[in-house]
Structures are given as structure tokens and as C-alpha cells.
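Engineer: Before I ask anything, here is the structure I am working with.
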Amino acid sequence: MTPLERRYRRLLLAYPRAYRRKHGDELLDVLLEDAAPGRRVPVLREAWGLLAGGVRSRIVHQATGSVWVDGVHLGVTAVAAVNLAALLPYAEALPLWTLLSALALLAILRGRSRTAFALTLLTGVKAVGIAAGFQAFDVTLLPVSPSRLTGRALFQDSDPLVVAAGYAVVLIGLAVLAWPRRPVRARSWWWWAVVVPVAWAGPQWLPEETRYPISLSRMCVEVAVFGLVVAAGYLTRDYRWVLASGIYLLLLSCDLAFHVEYLERQHLAYAGILFLLLVAAAFAPLRQRRHCLD
Amino acid sequence: MPRGTSEVSEPMYFVLTALRAGPLHGHAISKAIKELSRGRVQPSVGTLYGILERLNERGVITVDREETVNGRNRRYFRITSDGQALVEAEARRMQEAAALVLRPSGA
Numbered sequence: 068m069t070p071l072e073r074r075y076r077r078l079l080l081a082y083p084r085a086y087r088r089k090h091g092d093e094l095l096d097v098l099l100e101d102a103a104p105g106r107r108v109p110v111l112r113e114a115w116g117l118l119a120g121g122v123r124s125r126i127v128h129q130a131t132g133s134v135w136v137d138g139v140h141l142g143v144t145a146v147a148a149v150n151l152a153a154l155l156p157y158a159e160a161l162p163l164w165t166l167l168s169a170l171a172l173l174a175i176l177r178g179r180s181r182t183a184f185a186l187t188l189l190t191g192v193k194a195v196g197i198a199a200g201f202q203a204f205d206v207t208l209l210p211v212s213p214s215r216l217t218g219r220a221l222f223q224d225s226d227p228l229v230v231a232a233g234y235a236v237v238l239i240g241l242a243v244l245a246w247p248r249r250p251v252r253a254r255s256w257w258w259w260a261v262v263v264p265v266a267w268a269g270p271q272w273l274p275e276e277t278r279y280p281i282s283l284s285r286m287c288v289e290v291a292v293f294g295l296v297v298a299a300g301y302l303t304r305d306y307r308w309v310l311a312s313g314i315y316l317l318l319l320s321c322d323l324a325f326h327v328e329y330l331e332r333q334h335l336a337y338a339g340i341l342f343l344l345l346v347a348a349a350f351a352p353l354r355q356r357r358h359c360l361d
Numbered sequence: 207m208p209r210g211t212s213e214v215s216e217p218m219y220f221v222l223t224a225l226r227a228g229p230l231h232g233h234a235i236s237k238a239i240k241e242l243s244r245g246r247v248q249p250s251v252g253t254l255y256g257i258l259e260r261l262n263e264r265g266v267i268t269v270d271r272e273e274t275v276n277g278r279n280r281r282y283f284r285i286t287s288d289g290q291a292l293v294e295a296e297a298r299r300m301q302e303a304a305a306l307v308l309r310p311s312g313a
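Residue numbers (the working numbering), protein chains in the order written: chain A, 68 to 361; chain B, 207 to 313.
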């Protein structure tokens, strides 16, 4: 395998696995036939075309099935990822509960709504217990000490009601999906990649003394995901992405409302950007058609 | 019908025009587009296959046959009757639009 073929194969990872398996070699064949002899690095235009085409293909393949079932499942997945991210920095102190939270996210990603419901219920009761200062299931030394990803104790700045709301949203969504049983698709493994930057407390953008810290890494992930929501709504003229991000933003709004007296201008800018992106995603499906296959 | 829905984008127009000559595979379509447009339209492979998949899904083109070359699968696409009608309608629309500018003044 030449270096050029290896690099093109890496770029083809942007496409969904099923598409890559069926047509990846065909695209590679055309790319290599078009390439100048001796070339080792992909042409920038081709690299961008593969990345954009791959993301487009992934988005379009997701826009199938019931809009509301898929939208609820997507929203629940995002909130469950944030719930896991809240526990992850304390994995050394709470190994069992972090593992159960990770298993809950895994069950959601694989479309096992009933298993996910049971795991989320267990983890949720424990998490709310820690936030409210009572012992649930086992004895935990409070406050739970921070580790490498953050400098604060677990739920030090969180209201127990907000923590409960995060788990309640997931439980309600899973209950809707599980009883009666509604088929949901398995979600991308890329969801695991958002957990660490959301869990990480740095880099700092807000003043150090703030009572409501949100890391810049988390903000960047959220803005990037909401940007993808706008792109998905634009490409597919579908509302499932808006429904999912609406569920997520509703929860975030509750969190902001509970911390209203501690909000800085950075908080407002961050919330404003997410709301603007949500509005853009809501209107994107209404765009005018440019051509007959648009 | 919303405005613009009967129109065809420029790369799609050249793909359909290239396939009027007979079934072609991806690389041959790419070369034909470049020749037909005199080098002006050169979609990347990612863009070209995005167009081909969408045209195929809408029944404007279809897979004529598949061949294995150097161990790799190669699809040959052909234009359907719907595709023929679409590209001809687009050509007529452009011809009428061009005539507004190019016809002798006073005619």
C-alpha cells in the first residue's frame, strides 16, 4: 500500500462503515487513477471533498425512521453523556458508579432502552444522594475529592434539583422509548469522544472565583455539536436534530436559571450562541430548494 | 411547487449529459465532466459520488452493471428515461434564458 493510498483510506473513515464497505474501494480506485504519478499526499480539494462528503453521507443516513423517536433518543444520549462526564473526574473515588454510568450510556448507544433505564435509575439515585448529602446504596465519603480532570469536589456548585433533572430527563426519555418498546438505532461510538472534553475543567475562560464554572473545552464541544445540528437540519430538512438539541438546551437552561445570580458575561455569550444555533437549526429545514434534487 | 425545484445544479447537469453517451464508471464520468465543461467544472471525487448517490436514489440514473477491476468493485451508471427528460428540460430552460440575451435586438 502506497503512502497516498493509506492517507486516502484514512480520509474515507469520514464515511459511514456500511458505505465504506460497499463503495470505499470504488472511491479509492477513482482517487488513485486521478492522482499524479509519485504523489504521496492527497490533494487538498479531494481531502476536503471526502471529509464533507463523508459527513454529509453520515448525516443523511441518520435521517430515517420516526423523527420524534429518534429525536428523543438522540437528546437522551447527549444528556446521558453529560451525566457520565460529571462523574468521570471522580472515577477513582466512585469506580462502581462511574462504571454503571458508562454502562448506562453504552446501553443507550446500543438501543437497549430498558437496560439503560435500570442503570440510569441506580446511578441517578446515587448522584442525587451525593449532591443532596445523603447516603444511597453504599457509604461515600463526602465531599467526593477531585482528581486530575478538575479541581472541585463532585457537585460542589450544583443544586441537587439540577442533578436530579439531568437524570429525570434521561429516565423519562428512556421510559417513552421502552414502554411500549420502540425500536431505536445504535448510535455512533464517537459519542464516547465527547465525554472527556466535557468532563475536563480546563482551559479556563470564566473568572477563577466563579461559583458556576463551565470549561472552555465543554463549551467548544457543545458549540461544535450544535453547529452539526444546523448542518444536519439544512441538509436533510428534518426536525429530529432540533428536537434532540431542544431537550438538551432545556436542561441547560434549568442549570443556568439555578445559577442566575452567579452568571458572568461569558455564560451569557455561551448560552446565547447555543440558542442562536438552535433557532438556526429550527429554520434550516425551511430553506428554499436550489435544484430539483435538493 | 417551490421556486427552483425543476432546476438542475451545474455538476448534476454535466453528470447527466456525460451519461447520455452511454454507461460510464466514476473515473470516466469525472473525465467526461472536465472535457464537456472545458475544465471549468471539476467536482472532487467525494462531491461526484455524493451527486451520483443522490441521482441514483431519485431514479434519475441507475447502476447498469458492476465489474471488478484490480480487485476493486466498479459501478457503471446509466441515465434513466426520467433523467433524460430532466436534463432535456434543463437544456431547454437554459436555451430559452440564453435566447433572451443572445437573440438579435428587435427580433
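No residue lacks a Cβ here, since even glycine has one placed at the ideal position from N, Cα and C.
#1: How would you write the range of the beta strand (DSSP E) that D270 of chain B sits in, first residue to last?
#2: L330 of chain A and Y279 of chain A look like a contact to me (Cβ under 8 Å); what is the Cβ gap, rounded to whole Å?
#3: Based on DSSP bridge pairs, tell me the residues matched to I285 of chain B.
#4: For a contact defined as C-beta to C-beta under 8 Å, what are the partners of R298 of chain B on chain A?
#5: Tell me which residues of the segment 232-254 of chain B have at least one Cβ-Cβ distance to chain A shorter than 7 Å, keeping chain order.
#6: Would you mind working out which of A:R88, A:R248, A:F204 and A:L216 sits nearest L163 of chain A, comparing C-alpha positions?
#7: Spatial neighbours of F325 of chain A within its chain, please: CB distance less than 6 Å, with the 5 preceding and 5 following residues excluded, ordered by chain position.
#8: Give every residue of the same chain whose Cβ lies closer than 8 Å to the Cβ of V221 of chain B, excluding the five residues on either side of it in the sequence, and list them in chain order.
#9: Which residues in the same chain as W135 of chain A place their Cβ atom closer than 8 Å to its Cβ, once the five residues preceding and following it in sequence are excluded?
#10: Quick one: does E213 of chain B have its CB under 8 Å from some CB of chain A?
#11: Which parts of the segment 114-187 of chain A are runs of the alpha helix (DSSP H), unbroken and 4 residues or longer, counting only runs that do not cross its ends?
#12: Out of curiosity, what's the CA-to-CA distance linking A194 of chain A and A347 of chain A?
#13: Classify L302 of chain A as helix, strand or coil using the three-state DSSP reduction.
#14: Under 8 Å, Cβ to Cβ, is there at least one residue of chain A near L292 of chain B?
#15: Contact criterion: CB-CB distance below 8 Å. Does H128 of chain A meet it with respect to chain B?
#16: Between the C-alpha atoms of Y282 of chain B and A338 of chain A, what's the straight-line distance to the nearest angstrom?
#17: For D322 of chain A, count neighbouring C-beta atoms within 10 Å of its own C-beta (all shown protein chains included) and say buried if the count is 16 or more, exposed if not.
#18: Can you name the residues of chain B whose CB is closer than 8 Å to the CB of E113 of chain A?
#19: When the Cβ atoms of the segment 255-265 of chain A are set against those of the segment 141-156 of chain A, are three or more pairs found closer than 8 Å?
#20: For L230 of chain B, which of helix, strand or coil comes out of DSSP?
#21: Which stretch, first to last residue, makes up the alpha helix (DSSP H) that contains T207 of chain A?
#22: Taking the C-alpha atoms as reference points, what is the distance between A174 of chain A and R84 of chain A?
#23: Are the beta-carbon atoms of Y234 of chain A and T187 of chain A separated by less than 8 Å?
#24: Mind reading off the beta-carbon distance from D101 of chain A to V247 of chain B? Whole number of angstroms is fine, and I expect it under 8 Å.
Structural biologist: Looking at the coordinates:
#1: I267 to V275
#2: 7 Å
#3: B:I267
#4: Result: empty, since nearest Cβ-Cβ is about 14 Å, beyond 8 Å.
#5: G232, H233, S236, S250, V251, G252 and T253
#6: A:F204
#7: D226 and V229
#8: I235, I239, L254, I257, L258, L261 and I267
#9: R307 and L310
#10: yes
#11: 134-154 and 162-176
#12: 34 Å
#13: helix
#14: yes
#15: no
#16: 50 Å
#17: buried
#18: S250, V251 and G252
#19: yes
#20: strand
#21: It is not in any alpha helix (DSSP H) - T207 of chain A carries neither H nor E in the DSSP assignment.
#22: 21 Å
#23: yes
#24: Wrong, their Cβ atoms sit about 15 Å apart, outside the cutoff.
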